[in-house]
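Structure record follows, encoded as C-alpha cells.
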Amino acid sequence: MAELTRPPFAGRRPALLSFGITLAASTLVALVLAALVPGVGGWRSAATHAYAIGLLGWACIDGGRRLLWPRRAPPVAGMLLLSAAGMLAAFVLGSLLAAALLGSSADWLLGMGEQRPVLVAAAMATLVATTLVAGSNWAIQATAALRLRAQLDQARADAAEHLADDAQLRLLRAQLDPHMLFNTLATLRALVALDPARAEDMLDRLVEFLRATLEGSRRLRHALRDEFGVLEDYLHLMAIRLGSRLRYRLDLPPALAGHGVPALLLQPLVENALRHGLEPLREGGEIQVAAWRDGAWLCLAVVDTGAGMAPPPSGAASFGLDAVRRRLAASYGEDAYLEIASPWPAGAGGGTRVLIALPLSREARRAPERPLDEDRRPCP
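Numbered as in the working numbering, the sequence shown ends at 380 without a single skipped number.
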C-alpha cells in the first residue's frame, strides 16, 4: 500500500523554498533600485529596505497562512486578504526597521521631505516581495496538493485491491479446503485398517499440507517455491488416494523459484484437472505443472491428459477457473491473462491446458489485446 507523507502545507521544505525565492528577489530589487532610482542612497540603503520589507512580507504572508490554514491549502479569498494585509504590514514595519537600521528619519512614510524616492523604492520592494511570496506559496501549495491527491488516490486503490484480494483468498480457502479434507479423511479411514504404512505417510503429508496452507493464509503473496511446495503435498496426497491412476510432474526452474505470485493461484487449477479431467477416466492420467520465462513474462501452465473440458452442469464445476480469474484481476488488473485450450494438444481426444501469463517487470505491465495474434502471444 502506498505510504502517505505528512501534510505538505506544514512542512519545512516549502517554507525554505519560499524563503529562498524571497531572498533572491529582494537582492534583485535592491540591485535595480540602487542602479536606477536616484535619491535612494546607494546600495546600502536600497538593500536594507529591500531585505527588510521582503523578508517581513515573507514572514507575514507565509506565517499567516500556516497559522490560519495549517493542514490544508488556503482558499482564494482568504489568501488574497492575507496577501493585502501582509503587504501593508511589510511596507510599514519594514520601512520603520530599515530607517532604524540606517539611522534616518521615517518622515518619508508620509511622502514628505526630500526622501520621496525612498518611498517609491519601498513601495516597489513591497509590491515585488509580496507578489513573489504569494506566488511562490501558491505554486508550492498547488504542487504539494497535487502530490498529496495522487498519494491518496494510490492509497485508496491499493487498499481496495488489498481488500479484494484478501476477500477472494479467504473465499477460495473456505471452498477448497473442505472438499480436499473430506476426500483425504475418507481415504485415511480406509487405509488405517488395510495399509497402516500408507496411512501414516498420507497423514504426514496431510499435516505438511495443512501447515503450509495455514502459513500461506497469513500472506496474500508468496514465492513460487512455496506455491509448488503446496502443490507437491496436495498431489502426493491425491496419489496415495488414487494410486497408479494419478501421475504428476512439477517443473520449476531455480531462477524463478523466488518470484512472488498470489497465494493459492495454481491449486484450484490442479484440483479442477484432477476432479474433472482424471477422476472420470478409469485409467486416470497425468498432471503437469510448469513454470518458465518468456522475455518479460512469467508463464505458468497446468496440463492434464484427462477427459477434456465440457460445459459444466452447474456453476460449481467452474469454481476453480472463476476463482483464479478473480485472483488475477485483483492482483494484476488487465496486466495478466488466462488462456484455456481443450482438447490439448489440438486434435487429441482429451486433455486440457490452462496457461497463465504474468508480468515479470514494469515493461510487461500492459496486457496484449485479446484475441492474441500467434506471433505476438507470450508463453507459447
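Glycine is no exception: its CB is placed at the ideal position from the N, C-alpha and C atoms. Since the structure is predicted, the reported quantities are computational estimates derived from the model, not experimental observations.
| Asked | Found |
| --- | --- |
| Cβ-Cβ distance between Leu68 and Gly57 below 8 Å | no |
| Buried/exposed call for Leu97, threshold 16 Cβ in 10 Å | buried |
| Nearest-angstrom Cα separation, counted from Leu23 out to Leu55 | 7 Å |
| Closest residue to Trp297 among Leu265, Asn272, His259 (Cα-Cα distance) | His259 |
| Where His259 sits in the DSSP three-state scheme | coil |
| Glu283 - containing beta strand (DSSP E), residue span | No beta strand (DSSP E) holds Glu283; DSSP gives it neither H nor E. |
| Which residues DSSP lists as bridging Thr305, in chain order | Paired residues: none, contrary to the question. |
| Local Cβ density within 10 Å of Pro196, reported as buried at 16 or more and exposed below that | exposed |
| Beta-carbon contacts of His236 that lie in its chain and below 6 Å, excluding the five residues immediately before and after | Arg205 |
| Beta strand (DSSP E) segments (min. 3 residues) lying fully within the stretch 203–234 | 221–223 |
| Inter-stretch contact (C-beta, 8 Å, three-pair minimum) for the stretch 278–296 and the stretch 336–343 | no |
| C-beta contact flag for Ala34 and Gly42 at 8 Å | yes |
| Reduced DSSP category for Cys299 - H, G, I as helix; E, B as strand; rest coil | strand |
| Contact under 8 Å by Cβ, Leu265 with Ala301 | no |
| Inter-stretch contact (C-beta, 8 Å, three-pair minimum) for the stretch 266–277 and the stretch 229–246 | yes |
| Under 8 Å between C-beta atoms of Leu181 and Leu224 | no |
| Straight-line Cα distance separating Asp304 from Arg353 | 7 Å |
| Per-residue DSSP class, three states only, for Glu339 | strand |
| Cα-Cα separation between Ser361 and Ala330, rounded to whole angstroms | 18 Å |
| Exposure of Val76, with buried meaning 16 or more beta-carbon neighbours within 10 Å | exposed |
| Alpha carbon of Glu247 to alpha carbon of Ala239, nearest angstrom | According to the sequence provided, residue 247 is Arg. The question's Glu does not apply to it. When rounded, the distance between both Cα atoms is 7 Å. |
| Residues near Ala310 in its chain [Cβ-Cβ closer than 6 Å; skip 5 each side] | none |
| Distance CB(Ser45)-CB(Leu93) smaller than 8 Å | no |
| Helix, strand or coil at Ala310 [DSSP, three-state] | coil |
| Chain B contact for Leu55 (CB, 8 Å cutoff) | Absent from the structure is chain B; it holds one protein chain and no more. |
| C-beta contact flag for Leu82 and Ile53 at 8 Å | no |
| Buried versus exposed call for Ala316 [16 or more other C-beta atoms within 10 Å across all chains shown] | Residue placement at Ala316 is flagged as unreliable, the pLDDT there being 47, under the threshold of 50; the coordinate-derived value follows with that caveat. Exposed, because fewer than 16 other Cβ atoms sit within 10 Å of the Cβ of Ala316. |
| Which of helix, strand or coil DSSP assigns to Pro268 | helix |
| Option in Leu16, Thr48, Gly20, Leu17 with minimal Cα separation from Leu31 | Thr48 |
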